[in-house]
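Inspection log for the structure reproduced underneath, given as structure tokens.
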Amino acid sequence: MTHKIAILGASGYTGAELVRLIDQHPNMEITALSAERKAGRTMADVFPHLRHISLPTLCKISEIDFSQVDLCFCALPHKTSQEVISALPKNLKIVDLSADFRLRDPEAYEHWYGNPHTAVEMQEEAVYGLSEFYRNDIKSARLVAGTGCNAATGQFALRPLISAGVIDLDDIILDLKCAVSGAGRALKENLLHAELSEGYNAYAIGGTHRHLGEFDQEFSKLAGRPVKVQFTPHLLPANRGILATVYVKGDAEKIYQTFAAAYADETFIELLPFGDAPSTHHVRGSNFCHIGVTSDRIAGRAIVIAALDNLTKGSSGQALQNANLMLGEEETAGLMMAPLFP
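For what it's worth, the numbering used here labels the leading residue of the sequence shown as 1182, then goes sequentially.
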């Protein structure tokens, strides 16, 4: 069976990444692509690297016949997603890549994103889209909320440890570096080549980053009590990739064995040999997440490092993985490409 797919917001990086991935899917066909400001243009014009793929012309959302669509990916900005998704047919399967349905508490959403939640009734049916941990819920969901790319990386590095109780929950430091594509395709002065290249800087310092809302929600749910991590993101002068270095109190060998048990059957999570550290180079363009564990020179402390591609495993690859679950496809379909190296 071929599933008919629509992508809203196809002119952004995550939209283009979805097209690249779905083109290799054996049972999906893209039948509609929207981009409000670029309507009427071809994807080959907007993204020349996709010119070899036969694709529908970009159009406005209002021009799409959703009765002919089986599943819709929504790659629109937050706030816009709520408005658009609320107006879509109630029987349409949706994978949202924005932040609009990630936080279960509407007040938490307003706190982190600065806008009241305008689709509270839909929030109640949304399933959090971290595939490896919400797989069964995602299979029966109509609306899946993809995680933030930073939030996904941090959770792959910490969820098994919190669940197993092998680390001190009151002493977690998450130092994360994210490539510039994580900021989207819109023009921003601080992302110009002359202002970004040859530099490296922290941002959202002191607990102001929006993905902290996801960490607070998910880690506290796992622990059964409030858990707050110390988190500082850094902007990396690279196109793709996230590297998270997590400092925890706990026995490194026990931590490693906890990961080995938790991820033993997970195709996309690669646990490296003890003492090895991952690199963003080794996951680029793929749906894989690499995790490394090493002991610290200070007894009773360990370092966990996780690397993934923010556009693939952190966003569009995760979205396709969720769509596969929702449509009854093999979870790995369209996602087994090897990383690009060098």
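Ideal Cβ positions, reconstructed from N, Cα and C, are used throughout, including at glycine.
Only a predicted model underlies this, so the values are computations on that prediction, with no experimental measurement involved.
- Which one of Lys1402, Val1427, Ile1423 has the shortest CA to CA distance from Gln1411? As a working mapping, residue 1411 is identified with position 230 in the sequence shown. Among Lys1402, Val1427, Ile1423, the Cα nearest to that of Gln1411 belongs to Val1427.
- Taking C-alpha atoms, which residue in Leu1492, Leu1189, Ile1234, Asp1397 lies nearest to Cys1255? Taking the sequence shown and counting its residues from 1, the one referred to as residue 1255 is at position 74. Here the closest residue by C-alpha is Leu1189.
- Query: Helix, strand or coil: which one does DSSP assign to Ile1348?
  - Reply: If you number the sequence shown from 1, residue 1348 lands on position 167. It is coil, neither helix nor strand.
- Message: Taking only three categories from DSSP, how would you classify Ala1445?
- Response: Locating residue 1445 in the sequence shown gives position 264, where the first residue counts as 1. It is coil, neither helix nor strand.
- Sort Ile1348, Leu1377, Tyr1444 by Cα distance to Val1408 and report the nearest one. Locating residue 1408 in the sequence shown gives position 227, counting from the first residue. Closest by alpha carbon: Ile1348.
- Item | 6 Å Cβ shell around Val1530 - same chain, five flanking residues per side excluded | Residue 1530 is absent from the model: the chain starts at 1182 and stops at 1523.
- Answer yes or no: do Leu1372 and Ala1383 have a C-beta to C-beta separation smaller than 8 Å? For this step, residue 1372 is matched to residue 191 along the sequence shown. For this step, residue 1383 is matched to residue 202 along the sequence shown. Not in contact: Leu1372 and Ala1383 (Cβ atoms no closer than 8 Å).
- Task: Can you have a look at Leu1252 and say buried or exposed, based on whether 16 or more other CB atoms are within 10 angstroms of its CB?
- Result: Residue numbering aside, residue 1252 sits at position 71 when the sequence shown is read from its first letter. Its Cβ being crowded by 16 or more others within 10 Å, Leu1252 is buried.
- Message: Could you tell me the alpha carbon to alpha carbon distance between Lys1494 and Leu1452, rounded to whole angstroms?
- Response: The residue given as residue 1494 occupies position 313 in the sequence shown. The residue given as residue 1452 occupies position 271 in the sequence shown. One C-alpha to the other measures close to 15 Å.
- Go ahead and pull the three-state DSSP assignment for Asn1296. Counting from one through the sequence shown, the residue named residue 1296 turns up at place 115. It is coil, neither helix nor strand.
- Query: Within this structure, are the beta carbons of Leu1508 and His1184 separated by less than 8 Å?
  - Reply: Translated into positions along the sequence shown, residue 1508 becomes position 327. Translated into positions along the sequence shown, residue 1184 becomes position 3. Closer than 8 Å, so yes.
- Query: Taking the runs of the beta strand (DSSP E) that are 3 residues or longer, which of them lie wholly in the region 1326 to 1371?
  - Reply: Complete beta strand (DSSP E) runs here, min 3: 1353 to 1360.
- Task: Figure out for me which residue from Leu1416, Leu1424, Pro1270, Asn1296 has the closest Cα to the Cα of Gln1336.
- Result: Against the sequence shown, residue 1336 aligns to sequence position 155. Its Cα nearest to that of Gln1336, the residue Leu1424 stands out among Leu1416, Leu1424, Pro1270, Asn1296.
- Which residue or residues does DSSP assign as beta-bridge partners of Ile1423? Sequence index remark: in the sequence shown, residue 1423 carries index 242 (1-based). Ile1423 is bridged to Cys1359, Leu1489.
- Can you tell me where the alpha helix (DSSP H) with Ile1203 in it begins and where it stops? Position 22 of the sequence shown, counted from the start, is the residue given in the question as residue 1203. For Ile1203, the enclosing alpha helix (DSSP H) stretches over residues 1194 to 1203.
- Can Leu1489 be considered in contact with the ligand HEM, in the sense that its beta carbon sits closer than 7 Å to one or more heavy atoms? Ligands are entirely absent from the displayed structure, and the ligand HEM is therefore not among its contents.
- Message: Would you call the region 1318 to 1327 in contact with the region 1271 to 1279, where contact means no fewer than 3 C-beta pairs closer than 8 Å?
- Response: yes
- Query: Is it the case that the Cβ atoms of Tyr1444 and Val1474 are separated by a distance below 8 Å?
  - Reply: Residue numbering aside, residue 1444 sits at position 263 when the sequence shown is read from its first letter. Residue numbering aside, residue 1474 sits at position 293 when the sequence shown is read from its first letter. No.
- Item | Cβ separation of Ile1211 and Pro1237, assumed to be a contact under 8 Å, to the nearest whole Å | Position 30 of the sequence shown, counted from the start, is the residue given in the question as residue 1211. Position 56 of the sequence shown, counted from the start, is the residue given in the question as residue 1237. Right, their Cβ atoms sit about 7 Å apart.
- Item | Segment limits, beta strand (DSSP E) that includes Ser1215 | Position 34 of the sequence shown, counted from the start, is the residue given in the question as residue 1215. Taken as a continuous stretch (DSSP letters only), the beta strand (DSSP E) holding Ser1215 covers 1209 to 1215.
- Beta-carbon contacts of Val1250 that lie in its chain and below 8 Å, excluding the five residues immediately before and after: In the sequence shown, the residue the question calls residue 1250 occupies position 69. For Val1250, the CB contacts under 8 Å within the same chain, skipping 5 residues up- and downstream, are Lys1185, Ile1186, Ala1187, Thr1212, Ala1213, Leu1273 in chain order.
- Which value, in whole angstroms, describes the spacing of the CA atoms of Tyr1294 and Arg1391? The count along the sequence shown starts at 1 and reaches residue 1294 at position 113. The count along the sequence shown starts at 1 and reaches residue 1391 at position 210. In a straight line, the C-alpha of Tyr1294 is about 7 Å away from that of Arg1391.
- Item | Beta-carbon gap between Ala1487 and Ala1385 smaller than 8 Å | Position 306 of the sequence shown, counted from the first residue, corresponds to residue 1487. Position 204 of the sequence shown, counted from the first residue, corresponds to residue 1385. No. Outside cutoff.
- Which residue's Cα is closest to the Cα of Gln1263: Asp1446, Tyr1309, Gln1304, Ser1362? Within the sequence shown, the letter at position 82 stands for residue 1263. The shortest Cα separation from Gln1263 among Asp1446, Tyr1309, Gln1304, Ser1362 belongs to Gln1304.
- Of the listed residues Phe1449, Ser1476, Ser1235, nearest to Glu1434 (C-alpha basis): By 1-based counting over the sequence shown, the position of residue 1434 is 253. Closest by alpha carbon: Ser1476.
- Measure the alpha-carbon distance for Ile1343 versus Phe1455 and round it to whole angstroms. What you label residue 1343 is simply residue 162 of the sequence shown in a count that begins at 1. What you label residue 1455 is simply residue 274 of the sequence shown in a count that begins at 1. Here the C-alpha atom of Ile1343 lies approximately 20 Å from the C-alpha atom of Phe1455.
- Task: Less than 8 Å between the CB atoms is what I'm expecting for Asp1490 and Gly1394, so what's the real figure, rounded?
- Result: Sequence index remark: in the sequence shown, residue 1490 carries index 309 (1-based). Sequence index remark: in the sequence shown, residue 1394 carries index 213 (1-based). With 8 Å as the limit, Asp1490 and Gly1394 do not qualify as a contact, their Cβ atoms being about 23 Å apart.
- Query: Do Lys1430 and Gly1481 have their C-beta atoms closer together than 8 Å?
  - Reply: Within the sequence shown, residue 1430 is the residue found at index 249, counting from 1. Within the sequence shown, residue 1481 is the residue found at index 300, counting from 1. Contact: yes.
- Would you call Leu1516 buried or exposed, if buried means 16 or more other Cβ atoms sit within 10 Å of its Cβ? Taking the sequence shown and counting its residues from 1, the one referred to as residue 1516 is at position 335. Leu1516 counts as buried, since at least 16 other C-beta atoms from the protein chains shown sit within 10 angstroms of its C-beta.
- Message: Going by DSSP in three states, Ser1460 sits in which element: helix, strand or coil?
- Response: Your numbering for residue 1460 matches position 279 in the sequence shown. DSSP places Ser1460 in coil when its eight states are reduced to three.
- Task: Buried or exposed for Tyr1149, please, with buried defined as at least 16 other CB atoms from any protein chain shown within 10 angstroms of its CB.
- Result: Coverage of the chain is limited to positions 1182 through 1523, which leaves residue 1149 absent and any answer about it impossible.
- Message: If you follow the beta strand (DSSP E) that His1184 is in, where does it begin and where does it stop?
- Response: Mapped onto the sequence shown, residue 1184 falls at position 3. Segment 1184 to 1189, the beta strand (DSSP E) holding His1184.
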